[in-house]
Amino acid sequence: EDQVTQSPEALRLQEGESSSLNCSYTVSGLRGLFWYRQDPGKGPEFLFTLYSAGEEKEKERLKATLTKKESFLHITAPKPEDSATYLCAVRQGATGRRALTFGSGTRLQVQP
Amino acid sequence: DSGVTQTPKHLITATGQRVTLRCSPRSGDLSVYWYQQSLDQGLQFLIQYYNGEERAKGNILERFSAQQFPDLHSELNLSSLELGDSALYFCASSPGTLQETQYFGPGTRLLVL
């Protein structure tokens, strides 16, 4: 069974204080690891998709990396508007099944 | 704005009742997914449709059902509602091709009293 574990559960940073969020996964035949951002009461907002170990993607202050067992979301010099819950999800390679298995998320708070 | 729309935004109902949640996917997307998000369970996959046909099922209760119509919009029907069904229900859509990304709608917040 696919499993996704995110750590830490919650993280409080000062504005400008860089850090990383971790996503460890167990999946049979990875067909994509996804990062989403979710604000309270809103739908998850797509950030990145990674497909193979060694792949990296960047968007503004965010950078996502992937190894064979985990993914990291690096946040460089965060701002208060980066405060949100960050969700990691995996999709396995079973034919016809493209649903995502989500982790429980990391709640990030960036204080000015 | 992801391009996925969901109605209603909020729904308050009583135990034992039946409700219908509606989702319109992004233009051109053939796949629709339904997810449930509760405080203690996180985001859980319920069911997937592709071009009108059921493609995969997750942890969907027998009291819940869904369908996708010829115009590709989808409805999730929840019946015999219980207090524990209170949650956020999200719809997501994707083109339906390999390695596609799912884009989520704003969700429907269901409160069962």
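Chains as they are written, first to last, in this note's numbering: chain A, 60 to 171; chain B, 245 to 357. The beta carbon of each residue, even a glycine, is placed where N, CA and C say it ideally should be. Treat the numbers as computed from the prediction; the structure is a model and nothing was measured.
In terms of CA proximity to Gly328 of chain B, B:Arg353 leads the group B:Gln346, B:Arg353, B:Thr251. For Pro139 of chain A, no chain B residue has a Cβ inside 7 Å of its Cβ, as the nearest lies near 22 Å away. Short of 6 Å from the beta carbon of Thr108 of chain A, and not among the five residues preceding or following it, lie these beta carbons of its own chain, in chain order: Gly91, Phe93.
Beta-bridge partners assigned by DSSP to Glu140 of chain A: none are found. Excluding its 5 nearest sequence neighbours in each direction, Ser66 of chain A has C-beta neighbours in its own chain below 6 Å: Asn81, listed in chain order. If you draw a straight line from the Cα of Asn295 of chain B to the Cα of Leu274 of chain B, it comes to about 5 Å. Chain B places a beta carbon closer than 8 Å to that of Gly164 of chain A, counting this residue as a contact. By the 16-neighbour rule on beta-carbons within 10 angstroms, Ala258 of chain B is exposed.
Gly328 of chain B sits in a helix when the DSSP states are folded into three classes.
Nearest neighbour of Leu121 of chain A by Cα position, chosen from A:Gly75, A:Gly100, A:Gly162, turns out to be A:Gly75. Here Gln73 of chain A is exposed: its Cβ has fewer than 16 other Cβ atoms, across all protein chains shown, within 10 Å. Judged by their CB atoms, Gln346 of chain B and Tyr277 of chain B are nearer to each other than the 8 Å cut-off.
Residue environment: Leu355 of chain B is assigned as exposed (fewer than 16 neighbouring CB atoms within 10 Å of its CB, all protein chains considered).
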